[in-house]
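Asks: Handing you a structure now.
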Amino acid sequence: MSNKTWIEKRKNLVLMVRIFLAVCILLLLLDLVIHRHELFTWEGWFGFYGFYGFVACVTLVLAARLLRRLVMRREDYYDR
Amino acid sequence: MTASLPPALIFFAGALLVALAPGRLRPAMTMLVPLVGGWNLWHLAQGGGLEVALFDIRLELVRADKLALLFGILFHLATFLACLYALHLKDRMQQVSALIYAGGALGAVFAGDLITLFVAWEIMAVASVFLIFARRTPRASAAGLRYLTVQISSGLLLLAGALLHISETGSPAFGAIGLGSLAGILIFTAFGIKCAFPLVHSWLTDAYPESTPTGMVFLASFTTKVAVYGLARGFAGTEVLIYIGVAMTMFPIFFAVIENDLRRVLAFSLINQVGFMVVGIGIGSELALNGAVSHAFNDVLFKGLLLMSMGAVLHQTGKINGSELGGLFKTMPVTTGLCIVGAASISAFPLFSGFVSKSMVMVAAAEEGYWIVWLLLLFASAGVFHHAGIKIPYFAFFAHDSGIRTREPPLNMLLAMGLSAALCVLIGVFPSLLYGFLPWQVHYVPYTADHVLSQLQLLFFSALAFAWLNFAGLYPPELRSLNLDADWLYRRLGLGMARRAENAWTKAEDGGARLAGRGGAWLLDAAARHYGPAGILARTRSTGMAALWIVILLGICLILYYL
């Protein structure tokens with residue numbers, strides 16, 4: 019018997035990712051059913067929030083990688 | 002009217018008693034203080050206030066209106082939870098300074114005039130720094146001194162602004178001030194420093210993570226929230242705050258993604274959350290202000306919870322860098338679960354507290370037509386989830402197994418986290434509990450189908466982005482490193498200039514000394530020539546010679562007299 023916990027087993031990880039993806043798709047499809055009382059027109063576009071959240075996070079991480087090139091220093095930078 | 006004391010006074014008296022008490026009683030006494038304070042606060046809420054006269058100025062030590070009371074309740078609650086969290090401590094310095102610090106915060110939010118506010122402001126600055134010093138490392142001492150310098154500067158600006166304001170208006174009352182005068186600008190800057198406005202924020206991200214595991218829970222609860230209160234009281238509806246606030250929500254998330262010290266990640270996230278409050282104050286509508294102060298309330302609870310969970314990790318393992326942690330869920334499952342509740346709350350998941358307060362600010366921004374602001378806030382919301390909601394629990398408790406095997410933290414830490422988590426969920430599920438205390442009438446309904454759906458879509462697709470970036474290897478790994486920030490200006494550039502100036506001074510001093518040495522030698526030579534043993538003034542003369550000279554002088558006098 020392996021020492022791995024439930025969450026570490028590849029089989030279970032794949033299962034969780036599948037459930038997660040299914041929830042994402044379900045949330046996207048709910049856009050067709052639920053009516054929005056939008057304050058801005060773009061809120062009514064199909065999948066706006068999902069798309070925006072995804073793009074925002076990818077942009078955030080890619081920009082942070084660039085920022086790291088600019089500001090990252092050795093841990094003892096100020097001590098020298 | 003029932004008799005009640007200024008809330009701050011109870012905390013100061015409590016701090017004194019705790020300082021004198023024997024070690025075994027001290028922890029329990031620290032917890033008693035916010036309880037007694039809470040009982041007093043209840044009486045205070047029934048109506049009352051306290052005024053004293055200082056010379057010819059009337060000082061309003063206690064003004065208990067709805068805005069002050071909300072923060073009063075919050076600070077009592079925060080002190081209670083943090084004291085419970087710190088119950089295992091035997092460190093008198095931390096126990097006493099934490100109570101004085103909390104008392105200062107209460108003094109500030111109940112202060113009805115600028116002089117009382119200033120005094121409380123400085124008490125907070127001085128008391129809080131000991132929570133950083135208490136780490137007792139050289140790094141913490143240095144960071145504490147930098148922190149104190151900034152805090153005291155903020156206090157001096159407040160004092161200057163307050164005195165100018167009093168001389169202009171003739172009244173010390175602390176009400177709406179605005180940016181119309183120099184006094185207003187000075188006070189605004191003082192608040193801005195404590196609020197961690199961009200470019201004057203780095204005292205927070207520099208010093209807070211150097212404090213003790215328990216100290217940071219106190220620190221994150223009071224200073225910035227008092228500043229938020231000050232802005233809400235004095236500068237509601239000041240438009241520039243909207244843009245400052247947006248900048249505060251935006252820039253920290255980039256730093257948070259690449260920061261290795263997980264408590265420093267939370268410090269950046271603290272600035273980000275305060276940014277939402279500042280935007281709300283800048284918009285200034287009732288909905289926005291309610292959103293700002295209720296978010297301050299929730300932030301103290303969920304940020305406190307997250308900091309407690311990271312403090313527990315630091316307390317148990319002695320490590321806090323993402324690069325050294327991971328896999329702790331195996332040995333700290335309860336802490337993991339409670340941390341996830343905090344993460345869900347800060348990310349504004351439906352049924353958790355952030356959901357019912359942050360959205361008020363967002364809706365207010367949309368209602369007033371600030372569409373760029375709204376889009377940026379939405380970006381920041383996704384970013385919060387990314388760095389605070391996912392990164393913190395993921396890198397501490399999951400990710401790669403670091404091999405660290407530890408235990409759950411002491412029971413009192415678990416209880417404090419459990420209570421905080423319960424409050425986060427309680428407020429998230431029954432928002433009316435919080436809305437009832439808000440200073441203005443609340444007409445806002447957080448739980449509508451479209452709001453819940455929008456938020457879930459935003460969060461799930463943000464999580465999807467995290468998962469994808471992680472699988473694709475695009476996610477920046479946790480590295481042992483340090484990131485430059487605005488504190489570089491004074492820690493490197495300023496220090497470099499100071500060192501160069503010091504060098505120049507040393508050189509000038511050397512040159513001066515050499516010049517003085519040469520000049521001195523010449524002077525000595527000259528003196529020796531004249532006064533030395535062979536000098537003209539050192540020659541000995543006989544008494545007769547002197548008598549002769551006296552006779553000559555007398556003769557001259559006599560002749561002159563006759564003439």
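The listed protein sequences derive, respectively, from chains A and B. As numbered in this note's numbering, residues 19 to 98 make up the first sequence, in order. As numbered in this note's numbering, residues 2 to 564 make up the second sequence, in order. Cβ atoms here follow ideal geometry from the backbone N, Cα and C, with glycine treated the same way. Here the structure is a predicted model, which means the values were calculated and not measured.
#1: Using a C-beta cutoff of 8 angstroms, does residue 259 of chain B count as contacting chain A?
#2: How would you label residue 525 of chain B, buried or exposed, when you count the other beta carbons within 10 angstroms and need 16 or more for buried?
#3: Taking the alpha-carbon of residue 42 of chain B as reference, which of B:59, B:291, B:63 has the nearest alpha-carbon?
#4: Where DSSP assigns a beta bridge to residue 90 of chain A, which residues make up the other side?
#5: Please confirm whether residue 102 of chain B and residue 129 of chain B have their CB atoms less than 8 angstroms apart.
#6: Looking at residue 145 of chain B and residue 133 of chain B, is the spacing between their C-beta atoms short of 8 angstroms?
#7: Verify whether the separation of the beta carbon atoms of residue 433 of chain B and residue 305 of chain B is less than 8 angstroms.
#8: Can you grab the Cα-Cα spacing for the pair residue 121 of chain B / residue 441 of chain B, in whole Å?
#9: Distance check for residue 478 of chain B and residue 159 of chain B, CA to CA, integer angstroms please.
#10: Please indicate yes or no: does the CB of residue 385 of chain B lie closer than 7 angstroms to some heavy atom of the ligand ZN?
#11: I need the DSSP call for residue 322 of chain B, collapsed to helix, strand or coil.
#12: Does the segment 320–333 of chain B come within contact of the segment 354–363 of chain B, defined as at least 3 CB pairs closer than 8 angstroms?
#13: For the alpha helix (DSSP H) containing residue 63 of chain B, name the first residue and the last one.
#14: So, does the CB of residue 81 of chain A fall closer than 8 angstroms to a CB anywhere in chain B?
#15: Round the Cβ separation of residue 492 of chain B and residue 96 of chain A to the nearest angstrom and send it over; I've been treating them as touching at under 8 angstroms.
#16: Measuring only the C-alpha atoms, how far is residue 141 of chain B from residue 96 of chain B?
#17: Quick one: residues in its chain with C-beta nearer than 6 angstroms to the C-beta of residue 282 of chain B, no 5 flanking neighbours on either side, listed in chain order?
#18: Distance, Cα to Cα, residue 405 of chain B vs residue 310 of chain B?
#19: What residues in the segment 193–215 of chain B bring their beta carbon closer than 9 angstroms to a beta carbon of chain A?
#20: Taking CB distances under 8 angstroms as the criterion, tell me whether residue 265 of chain B reaches chain A.
#21: Who pairs with residue 174 of chain B in a beta bridge, going by DSSP?
#22: Would residue 484 of chain B count as contacting chain A if we go by Cβ distances under 8 angstroms?
#23: Would residue 98 of chain A count as contacting chain B if we go by Cβ distances under 8 angstroms?
#24: Which value, in whole angstroms, describes the spacing of the CA atoms of residue 123 of chain B and residue 156 of chain B?
#25: Could you tell me whether the Cβ atoms of residue 366 of chain B and residue 280 of chain B are closer together than 8 angstroms?
#26: Find the nearest neighbour of residue 90 of chain B within the set B:216, B:547, B:360, judged by alpha-carbon distance.
#27: Can you tell me the Cβ-Cβ gap for residue 65 of chain B and residue 45 of chain B, rounded? I've got them flagged as a contact below 8 angstroms.
#28: Note down, in chain order, each residue of its chain lying with its Cβ closer than 8 angstroms to the Cβ of residue 315 of chain B, except the 5 sequence neighbours on either side.
#29: Quick one: residues in its chain with C-beta nearer than 7 angstroms to the C-beta of residue 419 of chain B, no 5 flanking neighbours on either side, listed in chain order?
#30: According to DSSP, residue 262 of chain B sits in a beta bridge with which residue or residues?
#31: Contact check, residue 342 of chain B vs residue 425 of chain B under 8 angstroms by CB: the rounded distance?
#32: Could you tell me which chain A residues have their CB closer than 8 angstroms to the CB of residue 387 of chain B, listed as they occur along the chain?
#33: Could you check the C-alpha separation between residue 94 of chain A and residue 500 of chain B for me, to the nearest Å?
#34: Please list, in chain order, the chain D residues whose beta carbon lies closer than 7 angstroms to that of residue 34 of chain A.
#35: Does the structure place the segment 220–227 of chain B close enough to the segment 165–184 of chain B that three or more beta carbon pairs sit under 8 angstroms?
Replies: So, to answer that:
#1: yes
#2: Label assigned to residue 525 of chain B: exposed.
#3: B:63
#4: B:484
#5: yes
#6: Cβ atoms of residue 133 of chain B and residue 145 of chain B: closer than 8 angstroms.
#7: no
#8: 26 angstroms
#9: 42 angstroms
#10: The model on display carries no ligand, and the ligand ZN is accordingly not part of it.
#11: Collapsing the DSSP output to three states places residue 322 of chain B in a strand.
#12: Below 8 angstroms, too few C-beta pairs join the segment 320–333 of chain B and the segment 354–363 of chain B to call them touching: fewer than three.
#13: Not the alpha helix (DSSP H): residue 63 of chain B falls in the beta strand (DSSP E), residues 58–64.
#14: yes
#15: 5 angstroms
#16: 18 angstroms
#17: 232, 233, 237, 242, 293
#18: 16 angstroms
#19: Going along the segment 193–215 of chain B in chain order, one finds no residue with a Cβ nearer than 9 angstroms to chain A.
#20: no
#21: B:114
#22: yes
#23: no
#24: In a straight line, the C-alpha of residue 123 of chain B is about 6 angstroms away from that of residue 156 of chain B.
#25: yes
#26: B:216
#27: Indeed they touch by this definition, with Cβ atoms about 5 angstroms apart.
#28: 214, 264, 321
#29: 339
#30: Under DSSP, residue 262 of chain B takes part in a beta bridge, and its partners are B:322.
#31: 6 angstroms between Cβ atoms; contact.
#32: Neighbours of residue 387 of chain B on chain A, chain order: 75, 78, 79.
#33: 19 angstroms
#34: No chain D is part of this structure, whose protein chains are labelled A and B.
#35: no
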